[in-house]
Structure formats: structure tokens, C-alpha cells
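Participant:
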Amino acid sequence: LNIIIMYKLVFRTLSAVILLVGAFIVLSGCEKKMEKVDITELDLGNRGEVCDSMNHLDGEKLYMANTKEEYETLLHRIPNSLPNIDFSNSTFIFISGGVQCLLNQKVSLLQEKSNKYTFTVDLLEGIGLSVESWYIAICTNKKIPNNATINLKINKHF
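Reminder that position 29 of the sequence shown reads as 329 in the working numbering, one-by-one numbering, no gaps.
Right, dumping it as C-alpha cells:
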């Protein structure tokens with residue numbers, strides 16, 4: 301009788317372990333595989349001057365250029381000379397906005413699928429009484445197709 305009870309207990313435990321391992325394998329296969337896209341942040345000049353020059357654009361919206369013409373048209377109001385970009389294998393992205401007392405900013409670009417990307421902006425804010433302008437100008441190490449979907453996530457941290 302004890303042997304039968306012991307076999308039932310081992311069978312139940314083994315069944316639970318096999319079920320858990322199977323669930324883990326299935327769930328890990330559903331995980332999104334995102335690839336980090338290498339980017340280079342570009343300095344377009346004094347932050348205040350650049351933001352003032354680009355105030356005709358909607359804030360916290362992503363603008364993309366895949367040709368020299370698109371790049372120069374987008375940034376035609378910038379008084380400084382623009383950095384050179386090789387558009388045969390790069391894409392230019394520009395975003396601007398405003399926060400209270402910007403202390404730091406970080407950006408990342410992840411490719412989720414062949415034509416779907418997530419661009420994340422992390423802004424570290426301090427305490428201030430006025431709105432401070434910010435911009436991000438980057439060049440990617442690979443061309444992003446014009447018809448790609450780029451989800452923009454702006455996270456503001458205190």
C-alpha cells in the first residue's frame with residue numbers, strides 16, 4: 301500500500317514538473333526578439349538655438365529623412381552647417397520637445413520586426429519653474445525603409 305501511494309506521489313510530482321517545463325518552453329518561444337540598432341547622436345548646435353529654429357515642427361513627434369534632400373529640407377532653418385550623413389546606408393531621425401529642467405537624456409532604437417521599430421527617449425527632469433527645450437538628432441547605422449513603422453516612446457523621469 302505504501303508503495304502505491306509513493307508511486308502516485310512521484311507520478312503527480314513528475315507530471316507537474318513536465319507541465320511546468322513545457323509551459324516555460326512555450327512561453328519563452330513567444331518572447332519578442334528585439335535587435336538594437338546602432339545609432340550616433342548628432343550635435344546640431346546650441347540646444348536653445350536649434351529648438352527655436354525648429355519650432356515650426358510638432359513637438360514630441362518623430363521626423364525621419366532617408367535622403368540628403370529630405371535632411372536638408374527638414375533642417376533648413378538650422379543656422380549651423382549640418383553634419384554629413386551617408387544616406388546610402390543611414391537614416392536621420394529628429395525629435396524635439398520641452399520639459400522642466402532637463403538633467404539628462406538617453407535614446408535607444410530597437411528593431412522588433414523587419415519593418416517595425418521602437419524609438420525610446422528617456423528624459424531625466426529636475427525641478428524647475430520654466431519649460432526647457434530639448435532635441436534629439438541621430439543617424440542610424442542601417443537604412444530604415446520609408447514605409448517602416450516607428451513607435452515613439454518618451455519616458456519622463458524625476
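All C-beta atoms, glycine included, are put in the ideal place defined by N, C-alpha and C.
DSSP state of residue 313, grouped into three classes?
Facilitator: Correct three-state label for residue 313: helix.
Participant: Can you tell me the Cβ-Cβ gap for residue 408 and residue 420, rounded? I've got them flagged as a contact below 8 Å.
Facilitator: Residue 408 to residue 420, Cβ: 5 Å. Contact.
Participant: Looking at the unbroken alpha helix (DSSP H) that takes in residue 348, where does it start and where does it end?
Facilitator: Run containing residue 348: 347-353, per the alpha helix (DSSP H) assignment.
Participant: Compute the Euclidean distance between the alpha carbons of residue 402 and residue 454, then round it to the nearest angstrom.
Facilitator: About 13 Å.
Participant: Does DSSP put residue 291 in a helix, in a strand, or in coil?
Facilitator: Outside the shown range of the chain (301 to 458) lies residue 291, about which nothing can therefore be said.
Participant: Among the candidates 305, 393, 427 and 426, whose CA atom is the shortest distance from the CA of residue 446?
Facilitator: When only C-alpha atoms are compared, the closest one is 393.
Participant: Quick one: Cα of residue 399 to Cα of residue 312, how far?
Facilitator: About 58 Å.
Participant: Could you check where the alpha helix (DSSP H) with residue 459 kicks off and where it finishes?
Facilitator: Outside the modelled stretch of the chain, which goes from 301 to 458, sits residue 459, for which no answer is possible.
Participant: Can you give the beta carbon distance from residue 395 to residue 361, rounded, assuming they're within the 8 Å contact cut?
Facilitator: With a Cβ gap of about 7 Å, residue 395 and residue 361 count as contacting.
Participant: Using the Cβ count rule (16 or more neighbours within 10 Å means buried), how would you classify residue 444?
Facilitator: Result: buried.
Participant: Return yes when the Cβ of residue 342 is within less than 9 Å of the Cβ of residue 379, no when it is not.
Facilitator: In this structure, residue 342 does not lie closer than 9 Å to residue 379 by Cβ.
Participant: What whole-angstrom Cβ distance do residue 452 and residue 335 have, given they're in contact under 8 Å?
Facilitator: At roughly 18 Å, the Cβ-Cβ gap does not stay under 8 Å, so residue 452 and residue 335 are not in contact.
Participant: What residues are listed by DSSP as bridge partners for residue 399?
Facilitator: Its beta-bridge partners are 432.
Participant: Give me the DSSP bridge partner(s) of residue 356.
Facilitator: The partner list for residue 356 (beta bridge, DSSP) is empty, contrary to what the question assumes.
Participant: Decide if residue 350 is buried, meaning its Cβ has at least 16 other Cβ atoms within 10 Å, or exposed.
Facilitator: Under this definition residue 350 is a buried residue.
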